[in-house]
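> My questions all concern the structure below.
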């Protein structure tokens with residue numbers, strides 16, 4: 060394997076693990092739904108990890124039509140960040156709830 064293929068393989072493993080653990084944490088929060096306001100904020104923060112992982116992984120790939128795909132990924136990423144900011148401004152201290 061050349062270094063490029065090895066880097067792609069390692070990054071694939073990292074994306075799969077990140078997505079797996081994020082889904083696992085989100086499912087635990089959804090199954091034990093007790094503090095809705097705090098858990099909404101936590102779910103949004105946990106959801107950011109696989110979004111960033113997929114965005115970075117897509118940057119490694121040579122995709123046709125990647126400009127539109129990256130615009131789509133960036134809009135999802137920015138929307139998630141804005142939701143977290145709005146929740147934080149509404150008086151929910153996200154740092155103490157995590």
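Residue numbers (my numbering): 60 to 157.
The beta carbon of each residue, even a glycine, is placed where N, CA and C say it ideally should be.
Output the boundary residues of the alpha helix (DSSP H) element that contains residue 60.
Premise fails: residue 60 is in no alpha helix (DSSP H) and is neither H nor E.
> Taking Cβ to Cβ, would you say residue 110 is nearer than 7 Å to residue 87?
No, the Cβ-Cβ distance between residue 110 and residue 87 is not below 7 Å.
> With distance defined between alpha-carbon atoms, name the residue in 90, 100 and 106 nearest to residue 74.
Per the Cα distances, 106.
> Which same chain residues, not among the five before or five after residue 77, have their C-beta less than 7 Å away from its C-beta?
For residue 77, where only same-chain residues beyond five positions count, the Cβ hits under 7 Å are 108, 109 and 112.
> At which residues does the alpha helix (DSSP H) containing residue 120 begin and terminate?
That residue, residue 120, is in no alpha helix (DSSP H); it is neither H nor E in DSSP.
> Under the assumption that residue 139 contacts residue 102 (Cβ atoms under 8 Å), give the Cβ distance between them as a whole number of angstroms.
So it is not a contact: roughly 10 Å between Cβ atoms.
> Which residues in the same chain as residue 81 place their Cβ atom closer than 6 Å to its Cβ, once the five residues preceding and following it in sequence are excluded?
The answer, listed in chain order, is 105, 108 and 109.
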